[in-house]
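Student: To convert, note that position 26 of the sequence shown is 26 in UniProt numbering; the numbers rise steadily by one, no gaps.
Think of the CB as a built atom: it goes at the ideal place given N, C-alpha and C, for glycine as much as any other residue.
In this text the structure is predicted, and so the values were computed from the model without any measurement.
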Amino acid sequence: MGLFDGEDGSAAHLARLLGLPVLLVVDVRSAAQSVAAVVHGFATLDSGVHLAGVVLNRVGSARHRQLIEEALARYCDLPIIGFLPRNQELTIPSRHLGLHMGSEHELALEQLARFMEEHLDLDLLLELACRLTPGREVSRPQAPSGTSVPTGETVRIGVARDEAFCFYYQDNLDMLRSGGGQLVEFSPIHDATLPEELHGLYLGGGYPELFARQLSANKTMRTAIKVFARSGRPVYAECGGFMYLTRSIVCLQHTTDQEGGEYPMVGVFPVTARMQPRLRRLGYRQVVQERPGFFGPAGQKLFGHEFHYSAIDPMPEDVERVYRLEDGRYEGYRIHNTLAGYLHLHWGRTPEAARSFIQACRDLAR
1 MGLFDGEDGS
11 AAHLARLLGL
21 PVLLVVDVRS
31 AAQSVAAVVH
41 GFATLDSGVH
51 LAGVVLNRVG
61 SARHRQLIEE
71 ALARYCDLPI
81 IGFLPRNQEL
91 TIPSRHLGLH
101 MGSEHELALE
111 QLARFMEEHL
121 DLDLLLELAC
131 RLTPGREVSR
141 PQAPSGTSVP
151 TGETVRIGVA
161 RDEAFCFYYQ
171 DNLDMLRSGG
181 GQLVEFSPIH
191 DATLPEELHG
201 LYLGGGYPEL
211 FARQLSANKT
221 MRTAIKVFAR
231 SGRPVYAECG
241 GFMYLTRSIV
251 CLQHTTDQEG
261 GEYPMVGVFP
271 VTARMQPRLR
281 RLGYRQVVQE
291 RPGFFGPAGQ
301 KLFGHEFHYS
311 AIDPMPEDVE
321 RVYRLEDGRY
331 EGYRIHNTLA
341 GYLHLHWGRT
351 PEAARSFIQA
361 CRDLAR
């Protein structure tokens, strides 16, 4: 996604709202003077977006650099922060939900840092980054109301965190902590069972399809989570976490990162999650909670996004549907007190949802 893609919520929209400067990174491979046209277009499309400087990536030679530099000097009044030469050793591969996680390529990141120090004017970059749009005041955000630490018993919430489960909004975790939650991380891949004395579980998104064999092989953890869910204590799972709670995951054959085959999972939901060769859903979402639940009363609005390549079998009719999307679809499935779906919720606009989840963990674990 580029600077202006996504309208509300795009990088350009946020820069305009916050009065922040934008650093434009342009892939100049197979282009020279045309780079100036691209940069000029970005700089002039929206007068409310302040382009502070440009970085030219994948420069092929000294002559290539000269042609681009001369064209930018002629047509664009923008500082050049640096020219990054082509370097195949620094390529981070792509996968179906985006880039590989940084922790998977620590050595490459160290090499990248040295590379940037060598080819970018970091002092100029820091100077330009401090130039806010005139007349805009930027203040430290206040903590959302309704998330102050309540009195009463500490609520221990198990959070799945490992190679397979790593997609969490940090805001959500912060709100759970500030609302009185003690977050206890565990690994569905590596740990034999759940941490002790948990009041609830939070299974975030990630790449369960890439680690399906390992997740399936950890039978004691799968059993522990299923027993926990059947106990009636709250379990909330989204996207990858939802897939993990299904009966099984069917992975694609003949791909570079999936092993193919079908792998048994936790089995809370009586459906199979099947990986698809093409993107299934992508975009911001607003839902209405049709029934009272973890995140508030019926009618509670919630916000988040969908981004997934898998699809589930038709869910049985006797399984509760909790959310209704704006397009009329139903999402968020509930069995016992386990709520799961493809939606990644962000509680920034509805901090009462975090408070409500903590209270549900406190009440239902008694």
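(1) So what's L128 in DSSP terms, helix, strand or just coil?
(2) Assuming E317 and V287 are in contact, meaning their beta carbons sit under 8 Å apart, how far apart are those beta carbons, in whole angstroms?
(3) Take the Cβ of P141 as the centre, count every other Cβ of all protein chains shown within 10 Å, and call the residue buried at 16 or more, exposed below.
(4) Just to confirm, are E259 and V250 a CB contact at a threshold of 7 Å?
(5) Going along the chain, which residues of its own chain have a beta-carbon closer than 8 Å to the beta-carbon of residue 386, five neighbours each way excluded?
(6) Count the other C-beta atoms from every protein chain shown that fall within 10 angstroms of the C-beta of V59, then say buried if there are 16 or more, exposed otherwise.
(7) With a cut-off of 8 Å, do at least 3 Cβ pairs link the region 348-363 to the region 284-300?
(8) Quick one: measure Cβ to Cβ for I225 and V266, integer angstroms, because I've assumed they're closer than 8 Å.
(9) Which runs of the beta strand (DSSP E) at least 3 residues long sit entirely within the region 11-45? Give them in chain order.
(10) Based on the DSSP output, what are the partners of R349 in its beta bridges?
(11) In the DSSP assignment, find the unbroken beta strand (DSSP E) run with Q182 in it and report its ends.
(12) Verify whether the separation of the beta carbon atoms of N244 and L339 is less than 7 Å.
(13) Mind reading off the beta-carbon distance from R280 to S310? Whole number of angstroms is fine, and I expect it under 8 Å.
(14) How is V227 classed by DSSP in three states: helix, strand or coil?
(15) Got a sec? Which residues, its chain only, sit under 7 Å from G135 by beta carbon, not counting five neighbours each side?
(16) Whole beta strand (DSSP E) runs in the region 275-327 with 3 or more residues, listed along the chain?
(17) Is L183 near V155, with beta carbons less than 7 Å apart?
(18) Would you identify the three-state DSSP class for Y342, choosing helix, strand or coil?
(19) Hey, how far is the Cα of Y52 from the Cα of P79?
(20) Flag this pair as yes or no: are the beta carbons of G206 and F242 separated by less than 7 Å?
(21) Please say whether A365 and R233 have beta carbons closer to each other than 7 Å?
(22) Of all the options V38, P188, F165, Q33, which has the alpha carbon lying nearest to the alpha carbon of E238?
(23) DSSP three-state label for G240, please.
(24) Look up S248 in the DSSP assignment and give the residues it is bridged to.
(25) Where does C361 fall in DSSP's three states?
(26) Closest to F228 by C-alpha separation, out of E89, E110, G9, I335, would be which residue?
(27) Thinking C-alpha only, which one of E185, H305, E163 is nearest R213?
(28) Under the three-state reduction of DSSP, which class applies to Y75: helix, strand or coil?
(29) Starting from the Cα of S187, find the closest Cα among N172, T220, E197 and give me that residue.
(30) Could you say which of S61, D123, A12, V271 lies nearest to S47 if we only look at CA atoms?
Tutor: According to the data block:
(1) helix
(2) Actually they do not touch by this definition, with Cβ atoms about 20 Å apart.
(3) Note that P141 has pLDDT 49, beneath the 50 cutoff, so the model's placement of it is unreliable and no number is given.
(4) no
(5) Residue 386 cannot be examined here, being either before or after the span of the chain that is shown, 1 to 366.
(6) buried
(7) yes
(8) 5 Å
(9) For the region 11-45, whole beta strand (DSSP E) runs of length 3 or above, ordered along the chain, are 22-27.
(10) Answer is none; R349 lacks a bridge partner.
(11) Here the beta strand (DSSP E) through Q182 covers 181-186.
(12) In the sequence as displayed, the identity of residue 244 is Tyr instead of Asn. No, the pair does not count as a contact, with Cβ atoms beyond the cut-off.
(13) 7 Å
(14) helix
(15) Any answer about G135 is weak, because its pLDDT of 45 lies below 50 and its placement is not dependable; what the coordinates show is given next. The answer is none, since no qualifying residue turns up.
(16) Runs found: 281-289, 301-308, 310-312, 320-325.
(17) no
(18) coil
(19) Note that residue 52 is Ala in the sequence shown, not Tyr. Their backbone Cα atoms lie some 7 Å apart in a straight line.
(20) no
(21) The beta carbons of R233 and A365 sit closer together than 7 Å.
(22) When each option's Cα is compared against that of E238, the closest is F165.
(23) helix
(24) P264, T272
(25) helix
(26) I335
(27) Closest in alpha carbon position to R213, among E185, H305, E163, is E163.
(28) helix
(29) T220
(30) A12
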